[in-house]
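Chemist:
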Amino acid sequence: MIKSLATGLALVTLIGSAAFAETHEVKMLNKGADGERMVFEPAFVQAAPGDTIKFIATDRAHNAETVKGMVPDGAEGFAGKINEEIEVTLDAEGVYGVMCRPHYAMGMVMTIAVGDAEVPDDFFEGRVPPKAKQRFEDQLNNL
7 MIKSLATGLA LVTLIGSAAF AETHEVKMLN KGADGERMVF EPAFVQAAPG DTIKFIATDR
67 AHNAETVKGM VPDGAEGFAG KINEEIEVTL DAEGVYGVMC RPHYAMGMVM TIAVGDAEVP
127 DDFFEGRVPP KAKQRFEDQL NNL
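The numbers in our numbering rise by one with no breaks, and the one at position 13 of the sequence shown is 19.
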């Protein structure tokens, strides 16, 4: 009896936490609502661990993928194909830098903060194009 009660409680907890997970939709656009070219909209998402980010291929010739070195320790990056809608569920807390590979130099980037995220000191290590770096810095002001 106690074993079945514990199993049932665990199942309710598991189902309950999945029911509270949120899906955030992000559009990949040639031009945003503010007139900026080559953008993710929204450019910053605050998510909880277990939330899903759905990248919508609104305009053609875009993809969404993590920038090398811009994922939390222990997290795996992701990479969608050009013109592909993808969904990723993020469990590791921290800051994720996301880019559109063909338009990275034009600054097509976004930031996802999961949980109690802080920007790591080495977030901008490696080559980051100037326009992308400026947009990342603007987005990180949301933390």
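Each residue gets a CB set at the ideal place from its N, CA and C atoms; glycine is no exception.
Is DSSP giving G14 helix, strand or coil here?
Modeler: Residue placement at G14 is poorly supported in this model, since its pLDDT is 47, which falls under 50; the coordinates still yield a value, given next. Here G14 sits in helix by DSSP.
Chemist: Pull up the DSSP beta-bridge partners for H30, would you.
Modeler: I59
Chemist: Buried or exposed, going by whether 16 or more other CB atoms sit within 10 Å of the CB of L1?
Modeler: The structure shown does not extend to residue 1, since the chain is modelled only from 7 to 149, so the question has no answer here.
Chemist: Just to confirm the assignment: which complete alpha helix (DSSP H) runs, minimum length 4, are found wholly within the stretch 82-148?
Modeler: Residue ranges of uninterrupted alpha helix (DSSP H) with 4 or more members, entirely inside the stretch 82-148 and ordered along the chain, are 136-146.
Chemist: How would you call P192, buried or exposed, if buried means at least 16 neighbouring beta carbons within 10 angstroms?
Modeler: For the chain, the structure presents residues 7 to 149; residue 192 sits outside this window and is missing.
Chemist: Going by DSSP, which residues form a beta bridge with K37?
Modeler: R43
Chemist: State the Cα-Cα distance for the pair M114 and I62, rounded to the nearest angstrom.
Modeler: 14 angstroms
Chemist: What's the C-alpha gap between D122 and K74?
Modeler: 21 angstroms
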